[in-house]
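Counted from 1, the sequence shown has number 143 at position 76 by our numbering; the numbering is strictly sequential.
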Amino acid sequence: MAIRTHQSLSGYVATEPNTDSTREGTPRFYARAGQRQGLREPDGTYTKLQTQYVPIVAYGDAAEEAAALLAKGVGFVAEGRFRPVKYEKDGRTITGHEFEVWKIGRRRSADDHATAVEAPAEQVTHRRDVPAEFTAQHGTRPAVSALAM
Numbered sequence: 068m069a070i071r072t073h074q075s076l077s078g079y080v081a082t083e084p085n086t087d088s089t090r091e092g093t094p095r096f097y098a099r100a101g102q103r104q105g106l107r108e109p110d111g112t113y114t115k116l117q118t119q120y121v122p123i124v125a126y127g128d129a130a131e132e133a134a135a136l137l138a139k140g141v142g143f144v145a146e147g148r149f150r151p152v153k154y155e156k157d158g159r160t161i162t163g164h165e166f167e168v169w170k171i172g173r174r175r176s177a178d179d180h181a182t183a184v185e186a187p188a189e190q191v192t193h194r195r196d197v198p199a200e201f202t203a204q205h206g207t208r209p210a211v212s213a214l215a216m
């Protein structure tokens, strides 16, 4: 059996996330992600480079998960794909790339660990309220059956 692999992106949420729905009513999550860059020099020193930014977008279940987990400044690791985008804005054609998220997880920081150690479990929460438009009924996905070996 082959191991399934996809592109991944790690970084932090650089803007306030936008949660809305598509014309068809599918939940949609959008934000810009930042990824700090650096270069290890031959002498062993580390040089900071300019932070790179990329739009991230998620639809359906992935959008609901991202909305519940992420806020501005939160670190994450996501699985998905980079895809080209092209649109019109102010009479100009804009081309670029965005990262379409399929699965996402929040990256724990040292502060998260310290809070969890100091506070009782019922006080530590990282889940945000899910926007109302994401709680509406939408199409269900067909079940996928796995092959047993």
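Beta carbons are placed, not taken as given, at the ideal position from N, Cα and C, and that holds for glycine.
Inset, instruction - Quick one: residues in its chain with C-beta nearer than 7 Å to the C-beta of T112, no 5 flanking neighbours on either side, listed in chain order? - result: Counted from its first residue, the sequence shown places residue 112 at position 45. Excluding the 5 residues flanking it on each side, T112 has no same chain C-beta neighbour closer than 7 Å.
Legend entry - Reference R90, options E83, S75, P122, G127, closest by Cα: Position 23 of the sequence shown holds residue 90. Nearest option by C-alpha distance: G127.
Legend entry - Boundaries (first-last residue) of the alpha helix (DSSP H) holding D87: Within the sequence shown, residue 87 is the residue found at index 20, counting from 1. Element bounds for D87: not the alpha helix (DSSP H) but the beta strand (DSSP E), 85-88.
Legend entry - Assigned exposure category for G105 - 16 Cβ within 10 Å defines buried: Mapped onto the sequence shown, residue 105 falls at position 38. Exposed, because fewer than 16 other Cβ atoms sit within 10 Å of the Cβ of G105.
Legend entry - Straight-line Cα distance separating V144 from L136: Mapped onto the sequence shown, residue 136 falls at position 69. Mapped onto the sequence shown, residue 144 falls at position 77. Taking the straight line joining both Cα atoms gives about 11 Å.
Inset, instruction - Could you give the DSSP three-state label for E132: helix, strand or coil? - result: In the sequence shown, counting from the first residue as 1, residue 132 sits at position 65. Correct three-state label for E132: helix.
Legend entry - Rounded C-alpha distance that separates I70 from D157: What you label residue 70 is simply residue 3 of the sequence shown in a count that begins at 1. What you label residue 157 is simply residue 90 of the sequence shown in a count that begins at 1. The straight-line gap separating the alpha-carbon atoms of I70 and D157 is approximately 45 Å.
Legend entry - Beta carbon of A130 nearer than 9 Å to that of R95: As a first step, residue 130 is located in the sequence shown; it is residue number 63 there, counting from the start. As a first step, residue 95 is located in the sequence shown; it is residue number 28 there, counting from the start. Contact flag set, yes.
Inset, instruction - With a 10 Å radius around its C-beta and 16 neighbouring C-beta atoms as the bar for buried, classify I123 as buried or exposed. - result: In the sequence shown, counting from the first residue as 1, residue 123 sits at position 56. Buried: at least 16 other Cβ atoms inside 10 Å.
Inset, instruction - Please classify V141: does DSSP put it in a helix, a strand, or coil? - result: Position 74 of the sequence shown, counting from 1, holds the residue named residue 141. It is coil, neither helix nor strand.
Inset, instruction - Identify whether R174 lies in helix, strand or coil by the three-state DSSP scheme. - result: For the purposes of this step, residue 174 is taken as residue 107 along the sequence shown, with counting starting at 1. Looking at R174 - three-state DSSP - the assignment turns out to be coil, as it is neither helix nor strand.
Legend entry - Rounded C-alpha distance that separates T82 from A100: Taking the first residue of the sequence shown as position 1, residue 82 is located at position 15. Taking the first residue of the sequence shown as position 1, residue 100 is located at position 33. Going by the C-alpha atoms only, they are around 7 Å apart.
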